[in-house]
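Visitor: Just so you know, we're using the working numbering here: the sequence shown kicks off at 208 and counts up by one.
For each residue, glycine too, the CB sits at the ideal point set by N, CA and C.
Fair warning: this is a prediction, and the values are worked out from it, not measured in the lab.
The structure follows.
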Amino acid sequence: MCYNIIKAAMLPDTLTQRLEQQFHMVDYQRATADERRRLAAEAQVLVVNGESVVSEVFLAQFPQLSLIADFGVGYDGIDVMAAQRRGIQICNTPEVLTEDVADMAMGLLLATSRQLVGAQRFIEQGGWLSGGYPWTKKVSGGRLGILGMGRIGQAIAQRAAAFNMTIAYNDYRQLPASPWAFYPSIVELAAASDFLMVCVNGGEKTRSLVNAPVMAALGSEGILINIARGTVVDEADLIAAVDHGIIGGAGLDVFSDEPRVPAALFNRPNVVITPHMSSATHATRRAMSDLVFDNIAAFMAGQPLLTPVAPY
Ligand code: 8YV
208 MCYNIIKAAM
218 LPDTLTQRLE
228 QQFHMVDYQR
238 ATADERRRLA
248 AEAQVLVVNG
258 ESVVSEVFLA
268 QFPQLSLIAD
278 FGVGYDGIDV
288 MAAQRRGIQI
298 CNTPEVLTED
308 VADMAMGLLL
318 ATSRQLVGAQ
328 RFIEQGGWLS
338 GGYPWTKKVS
348 GGRLGILGMG
358 RIGQAIAQRA
368 AAFNMTIAYN
378 DYRQLPASPW
388 AFYPSIVELA
398 AASDFLMVCV
408 NGGEKTRSLV
418 NAPVMAALGS
428 EGILINIARG
438 TVVDEADLIA
448 AVDHGIIGGA
458 GLDVFSDEPR
468 VPAALFNRPN
478 VVITPHMSSA
488 THATRRAMSD
498 LVFDNIAAFM
508 AGQPLLTPVA
518 PY
């Protein structure tokens, strides 16, 4: 059987080449409207990434679709219910990126608290010639609140333990036998934290979970870090919070309208921003590529997926 694969998102070149060589894959974004109609009618596999929006209406263009392969762990952009109603399988790339995302989370926590980017600017702009950089916020021994204690949250907790941090968390449910304090209320978690780390899944259920009351509870010395999805933090509330000193600072790898980032977040000593790059190391992007390829190869061979997204 000839399986037609549609590439509907940016992928690493090596993965694209492997899929093109091994199977029959076409780039949907480069196709004309006529070509798209023809390709969509025949496509059995759709390759997307963590930022893709795959709505029920979009899926309706692909009557033969049997698999959505996601180059990313997050699938909040995919209408999973709609796909599952049609019997379309979904696979993603969990585990292989956990360490990188946790590393980046700690990097942002340190960079924001110790104002590493502001300090570099200070040297570059000649500030050091007139005196030292203002004192910054201590990380070791601080209280870390983790919003979303999944694989990535737990990898961050492991790292934070080496910084002698006290760890507490909020999640949909309390983890059995966990060493960390559970807070059913996000506001209460924020009030009990020096640093609030956002690691929860994106999507409608978590939209604007971190809003003005949470930031007020975190307080004027508190640092917010987001390596999850921009939608989880209310960006207007965040800008108001940094503007008015309601929180002490923010380290952000994700934004609500990527790749557009509000200019109000630029050039602040207490705000560190990066372009959604937590999993973007050579080693991890290779591992993610291999996992996408292996999932598609398993599907082609009629085998079970290696990392299926569990049915809702
Ligand atoms: C990637 C991500 O940036 O895994 C995710 O959910 O957001 C990131 O690892 C993305 O999927 C690649 O485009």
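Tell me which residues pass a beta-carbon proximity test against the ligand 8YV: closer than 6 Å to any heavy atom, given in chain order.
Guide: In chain order, the hits are 256, 257, 258, 278, 279, 280, 281, 304, 483, 486.
Visitor: Once the 5 residues before and after residue 303 are set aside, which same chain residues still bring their CB inside 7 Å of it?
Guide: Closer than 7 Å at Cβ, skipping near neighbours: 491, 494, 495, 498.
Visitor: Contact between the segment 241-252 and the segment 217-225 is defined here as three or more beta-carbon pairs at a separation below 8 Å; is this criterion met?
Guide: Contact fails: fewer than three Cβ-Cβ distances are below 8 Å.
Visitor: Return yes when the Cβ of residue 213 is within less than 9 Å of the Cβ of residue 269, no when it is not.
Guide: Yes, Cβ-Cβ distance for residue 269 and residue 213 is below 9 Å.
Visitor: Only counting the same chain, and skipping five residues up and downstream in sequence, which positions put a Cβ closer than 7 Å to that of residue 290?
Guide: Same-chain partners within the cutoff: 266, 275, 297.
Visitor: Would you check if the distance between the CB atom of residue 431 and the CB atom of residue 398 is smaller than 9 Å?
Guide: No. Outside cutoff.
Visitor: Give the DSSP-derived three-state secondary structure of residue 467 in the structure shown.
Guide: In the structure shown, residue 467 sits in a strand (DSSP, three-state: E or B).
Visitor: Cα separation between residue 376 and residue 365?
Guide: Near 13 Å, if we compare the C-alpha coordinates of residue 365 and residue 376.
Visitor: Of all the beta strand (DSSP E) runs that stay within the bounds of the segment 405-456, which reach a length of 3 or more residues?
Guide: DSSP runs (the beta strand (DSSP E)) wholly in the segment 405-456: 430-433.
Visitor: What do you get for residue 379, buried or exposed, if any count of 16 or more other CB atoms within 10 angstroms of its CB means buried?
Guide: It is exposed - the Cβ of residue 379 has fewer than 16 other Cβ atoms within 10 Å.
Visitor: If you measure between the beta carbons of residue 426 and residue 393, is that distance less than 9 Å?
Guide: The answer is no: Cβ separation not under 9 Å.
Visitor: Over what stretch of residues does the alpha helix (DSSP H) that includes residue 256 continue unbroken?
Guide: Looking at the DSSP string, residue 256 is not in any alpha helix (DSSP H); the run it does join, the beta strand (DSSP E), is 250-256.
Visitor: Residue 319 by DSSP, collapsed to three states: which one?
Guide: If DSSP states are grouped into helix, strand and coil, residue 319 belongs with the helices.
Visitor: For residue 354, report the span of its beta strand (DSSP E) as first-last.
Guide: Segment 350-354, the beta strand (DSSP E) holding residue 354.
Visitor: Excluding the 5 residues preceding and the 5 following residue 471 in the sequence, name in chain order all residues of the same chain whose CB lies nearer than 6 Å to its CB.
Guide: Excluding residues within five positions, the ones whose Cβ falls inside 6 Å are 446.
Visitor: Find out if the Cβ-Cβ distance for the pair residue 478, residue 319 is shorter than 9 Å.
Guide: It is a contact, given that the beta carbons lie within the stated cut-off.
Visitor: Alpha carbon to alpha carbon, how far is residue 261 from residue 323?
Guide: Taking the straight line from one Cα to the other gives about 38 Å.
Visitor: If I'm right that residue 256 touches residue 278 with Cβ under 8 Å, what's the distance once you round it to whole angstroms?
Guide: Right, their Cβ atoms sit about 4 Å apart.
Visitor: Cα separation between residue 405 and residue 433?
Guide: Rounded to the nearest angstrom, the two C-alpha atoms are 5 Å apart.
Visitor: Between residue 424 and residue 417, what straight-line distance do the alpha-carbon atoms span, to the nearest angstrom?
Guide: Taking the straight line from one Cα to the other gives about 11 Å.
Visitor: Taking the continuous beta strand (DSSP E) assigned at residue 277, which residues delimit it?
Guide: Per DSSP, residue 277 belongs to the beta strand (DSSP E) from 274-278.
Visitor: What does DSSP give as the partner residue(s) for residue 270 in the beta ladder?
Guide: DSSP, once it has assigned bridges, lists no residue as partnering residue 270.
Visitor: Who pairs with residue 388 in a beta bridge, going by DSSP?
Guide: Bridge partners of residue 388: 375.
Visitor: To which residues of the same chain is residue 349 closer than 7 Å at the C-beta, ignoring the five residues directly before and after it?
Guide: The answer, listed in chain order, is 372, 401, 402.
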